[in-house]
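These notes are about the structure you will find just below.
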Amino acid sequence: MFHHGKGSMLLMPSEKLRFLNKACIIKNPLQDLTPDGRALDPWSLCTVNEVEELKSLIRVIPLWSTGIMISVNLSQTSFPVLQAASMDRHITPYFEIPAGSFGVFMIISLILWIALYDRIVLPLASKISGKPCRLNEKQRMGIGLLFSCLSMAAMAVVESVRRELAIEEGFSDESQALVNMSAMWLLPHLFFSGLAEAFNAVGQNEFYYSQLPKSMSSIASTLFGVGMSVASLVASFIMSTVDNVTKKGGEESWVSSNINKAHYDYYYWLLTGLSSVNLMYFLACSKAYGPCEGERSRVLDEGDG
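If you number the sequence shown the way my numbering does, the last residue is 642 and the count never jumps.
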């Protein structure tokens with residue numbers, strides 16, 4: 338016999354994570370329940386709804402953890418400013434973009450994609466395929482992780498070229514010197530980063546809201562923010578570790594304040610590698626999670642049709 342809350346529509350707990358079902362089993366009604374049917378000790382006897390809510394949260398945690406690495410990448414905002422400051426930022430002979438303003442291109446790409454996705458991309462894809470098309474939540478999350486990998490790889494390539502030019506031009510000891518290279522080469526990284534956030538952030542939030550019960554909507558709304566907070570700690574740990582390891586033996590740190598002597602390209606390649614591993618981890622978690630609730634309904638509807 339299972340313990341139910343008042344008005345509960347769930348008669349039995351699900352088969353997933355079955356070991357948790359013990360928490361809602363009534364062993365002795367006289368000892369476990371009050372005369373009106375409530376649990377004498379809520380810490381030892383839960384309702385079926387409470388057990389299912391916990392199961393839902395546990396199941397999304399692995400996929401939630403895959404969003405930490407993309408937030409680590411998106412937090413790397415200070416280094417592109419240093420790079421832009423050492424490059425030619427003119428778009429006309431009389432107008433120069435401030436180094437700190439290049440981040441606006443990432444925001445532009447994010448806003449443009451979100452605006453175009455529903456208005457142009459989906460209608461066009463549906464027209465071409467002849468049936469309604471849309472990306473589900475997990476697909477958006479995965480595409481965002483892929484764009485995050487591409488953004489770090491693009492930044493690594495650009496920084497490698499910029500550093501070589503700075504050394505060739507004799508600016509090894511002059512981190513503030515301008516290299517004969519356009520700062521527009523930073524745009525692919527910024528656009529990829531904007532697309533990564535547009536896909537993954539929206540996909541994450543929709544995933545949490547669709548997979549967690551309505552009674553847990555407040556938790557669903559905070560999971561993405563918690564991931565960003567954890568990512569800040571992870572980013573600091575990665576930075577400190579890279580700095581401490583690479584400056585041993587009197588070597589110049591990869592993340593030195595002198596960007597012409599440092600190896601930010603190696604640092605970006607490291608983030609690219611970690612992001613690639615994270616993408617593989619996401620695919621494994623996505624496969625283990627199985628289809629979302631909405632996907633199951635669509636599959637059943639198509640089967641009935």
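Using N, Cα and C, we set each Cβ at its ideal position, and we do this for glycine too. From a predicted model like this one, the values you see are computed outputs, not experimental measurements.
Top-ranked residue by Cα proximity to Ile445, from Met424, Ala533, Val516:
Nearest option by C-alpha distance: Ala533.
Count the C-beta pairs between the segment 537 to 554 and the segment 470 to 483 that are closer than 8 Å, then say yes if the count reaches three, no if not.
At 8 Å Cβ cutoff, the stretches touch.
Please classify Leu692: is it buried, with 16 or more other beta-carbons within 10 angstroms of its beta-carbon, or exposed?
This structure gives no information on residue 692, because the portion of the chain shown stretches from 338 to 642.
Does DSSP put Glu578 in a helix, in a strand, or in coil?
Contrary to the premise, residue 578 reads as Thr rather than Glu in this sequence. Three-state result, Thr578: helix.
Rounding to the nearest angstrom, what Cα-Cα distance links Gly404 and Val567 in this structure?
When rounded, the distance between both Cα atoms is 10 Å.
Out of Ser402, Ser381, Ala376, which one is the CA nearest neighbour of Ala621?
Selected option, being the one with the closest Cα: Ser402.
Exposed or buried, what is Pro417 when buried is set at 16 or more other beta-carbons lying within 10 Å of its beta-carbon?
Classification for Pro417: buried.
Give me the Cα-Cα distance between Arg499 and Phe442, rounded to the nearest whole angstrom.
Each residue's CA atom was taken as its position, placing Arg499 and Phe442 some 20 Å apart.
So is the beta-carbon of Glu506 under 7 Å away from any non-hydrogen atom of the ligand GTP?
Ligands displayed in this structure: none; no statement on the ligand GTP is therefore possible.
Taking CB distances under 8 Å as the criterion, tell me whether Lys585 reaches chain C.
Here chain C cannot be found, since the structure has a single protein chain.
Hey, would you say Asp425 sits closer than 8 Å to Leu515, going by beta carbons?
Cβ atoms of Asp425 and Leu515: closer than 8 Å.
Helix, strand or coil for Val397 per DSSP?
Val397: helix per DSSP, three-state reduction.
Between the C-alpha atoms of Asp455 and Pro628, what's the straight-line distance to the nearest angstrom?
Taking the straight line from one Cα to the other gives about 23 Å.
Between Ile363 and Leu382, is the Cβ-Cβ spacing less than 8 Å?
With a cutoff of 8 Å on beta-carbon distance, Ile363 and Leu382 are scored as near each other.
For Arg375 and Pro366, what's the separation of their Cα atoms in angstroms?
Approximately 10 Å between the Cα atoms of the pair.
Assumed close pair Leu483, Leu616 - CB separation to whole angstroms, cut-off 8 Å
Yes, they are in contact, since the Cβ atoms of Leu483 and Leu616 sit about 6 Å apart, within 8 Å.
Would you tell me roughly how many angstroms separate the C-alpha atoms of His427 and Ser485, rounded to the nearest one?
Roughly 27 Å between the two C-alpha positions.
How many Å lie between Ser612 and Pro372 at the Cα?
Roughly 56 Å separates the two Cα atoms.
Can you give, in chain order, each stretch of the beta strand (DSSP E) that sits fully within the segment 425 to 503 and has at least 3 residues?
Here the runs fully enclosed are 427 to 429.
Sub-8 Å separation of Asn410 and Met489 beta-carbons
Yes.
Assigned exposure category for Leu523 - 16 Cβ within 10 Å defines buried:
Leu523 should be labelled buried.
Which of helix, strand or coil does DSSP assign to Asp537?
A small correction: the amino acid at residue 537 is Asn; Asp does not occupy that position in the sequence shown. Three-state result, Asn537: helix.
Closest by C-alpha distance to Pro435, when choosing among Ala422, Thr429, Leu447
Minimum Cα distance to Pro435 is reached at Ala422.
Could you check what DSSP says for Ala572 in three-state terms: helix, strand or coil?
Helix at Ala572.
Should Thr429 go down as buried or exposed, given a rule of 16 or more other Cβ atoms within 10 Å for buried?
By the 10 Å Cβ count, Thr429 comes out exposed.
Quick one: Cα of Met521 to Cα of Leu354, how far?
Cα to Cα, Met521 sits roughly 51 Å from Leu354.
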